[in-house]
DNA sequence: ATAAGCGGTAACGTTTATGTAACTAACAGT
DNA sequence: ACTGTTAGTTACATAAACGTTACCGCTTAT
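Chains as they are written, first to last, in my numbering: chain A, 58 to 176; chain B, 58 to 176.
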């Protein structure tokens, strides 16, 4: 979310959304919690993201200083991404999101069944 | 993020993004943590969101069962929104985002100064 | 010679999200 | 009669985000 227009006067969540608010960023960051991962592996673990978008998002995260890019001069090339110190400050958010995901999905699925089918 | 295409096989964060991944949703939900708030007050507290978008996002949140809409039959109308039980399960995420916002913003600002101006 | 593996990039197209401006109903106050 | 208030809606337009396809350079293995 590069062009996020909102006064943070609203609340600090605005800042959080600016940096990790993209569709894929939390998912990418979540994959890096347990250490450096190479580009190809990220692409496999997040099957629905295109390589172009993955590249873009990684670049943005690197520019913001959330992740560090290690490029090893080998053939074929090897590039790894890992959380920086700043990136690691986001781990509580990522963990909370992980915690919430399945739980909320089940609850909402139940809710929608109840609403649309009226029991 | 209605049309989120991603296998949750990736990780539960995918689900979280589906439901509260919009640009404004976490900010709106954050405003409701401390109890019901009426439409007009939300619009004032989040100055950069247009009323149309606010309406839309609230409707989506209501459809997903994250918030409850109370419409009092008064003139002029009064409508309040509050977190549902499902919505309250997101509070840890919202709190973590609130915690992170300012901290990360400062760190990134420092990082970018260091990177672009090289001291 | 050819193919496969890796980490991309370029050109192009589509979809989703977001924004603006004008309008509504119904009443209360002046 | 006119204005303000509230919570919207409608029509229209734009911008940002995301996606698809094809392609590149380099090396080792077949």
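Where is the CB? At the ideal position from N, CA and C, for every residue including glycine.
Under 8 Å between beta-carbons, which chain B residues line up against residue i? List them in chain order, please.
i                     : result
residue 146 (chain A) : 157, 160, 161, 164
residue 109 (chain A) : Near residue 109 (chain A) there are no residues of chain B at all, since even the closest Cβ is about 16 Å away, more than 8 Å.
Can you find a C-beta in chain A that's less than 8 Å from the C-beta of residue i?
i                     : result
residue 63 (chain B)  : yes
residue 112 (chain B) : no
residue 104 (chain B) : yes
residue 92 (chain B)  : no
Just the chain A side, please: which residues come within less than 7 Å of residue i by C-beta, in chain order?
i                     : result
residue 153 (chain B) : 149, 150, 153
residue 72 (chain B)  : 158, 159, 161, 162
residue 69 (chain B)  : 155, 158, 159
Assuming residue i and residue j make a contact with CB atoms under 8 Å, what is their CB distance in whole Å?
i                     : j                    : result
residue 154 (chain B) : residue 70 (chain A) : 5 Å
Measure the C-alpha to C-alpha separation of residue i and residue j and round it to an integer number of angstroms.
i                     : j                     : result
residue 64 (chain B)  : residue 103 (chain A) : 8 Å
residue 109 (chain A) : residue 74 (chain A)  : 22 Å
residue 58 (chain A)  : residue 72 (chain A)  : 10 Å
residue 151 (chain B) : residue 132 (chain A) : 44 Å
residue 139 (chain B) : residue 118 (chain A) : 34 Å
residue 171 (chain A) : residue 114 (chain B) : 21 Å
residue 130 (chain A) : residue 166 (chain B) : 31 Å
residue 68 (chain B)  : residue 81 (chain B)  : 23 Å
residue 134 (chain B) : residue 142 (chain B) : 25 Å
residue 137 (chain B) : residue 112 (chain A) : 42 Å
residue 120 (chain B) : residue 169 (chain B) : 40 Å
residue 105 (chain A) : residue 62 (chain B)  : 7 Å
residue 107 (chain B) : residue 92 (chain B)  : 22 Å
residue 77 (chain A)  : residue 94 (chain A)  : 18 Å
residue 79 (chain B)  : residue 97 (chain A)  : 28 Å
residue 116 (chain B) : residue 128 (chain A) : 46 Å
residue 164 (chain B) : residue 156 (chain B) : 13 Å
residue 101 (chain B) : residue 101 (chain A) : 44 Å
residue 188 (chain B) : residue 60 (chain A)  : With chain B covering only 58 through 176, there is no way to say anything about residue 188 (chain B).
Name the chain A residues that come within less than 9 Å of residue i, Cβ to Cβ?
i                    : result
residue 98 (chain B) : Those do not exist, as residue 98 (chain B) stays about 12 Å from chain A at its closest Cβ, beyond 9 Å.
Between residue i and chain B, is the shortest Cβ-Cβ distance under 8 Å, so that the two count as touching?
i                    : result
residue 84 (chain A) : yes
Just to make sure I have the definition right: I need the residues of chain A whose C-beta is within less than 8 Å of the C-beta of residue i. Which are they?
i                     : result
residue 143 (chain B) : 161, 164, 165, 168
Below 9 Å on C-beta distance, what does residue i contact in chain B?
i                    : result
residue 80 (chain A) : 58, 61, 63, 74, 78
If you pair each beta-carbon of the region 145–152 of chain A with each one of the region 148–160 of chain B, do three or more pairs fall below 8 Å? For the pair of segments examined, the region 145–152 of chain A was found to touch the region 148–160 of chain B: the number of CB pairs separated by less than 8 Å reaches three.
At a cut of 8 Å, does the region 81–91 of chain A reach the region 117–124 of chain A through at least three beta carbon pairs? Three or more beta-carbon pairs drawn from the region 81–91 of chain A and the region 117–124 of chain A are found closer than 8 Å, and the two stretches are therefore classed as touching.
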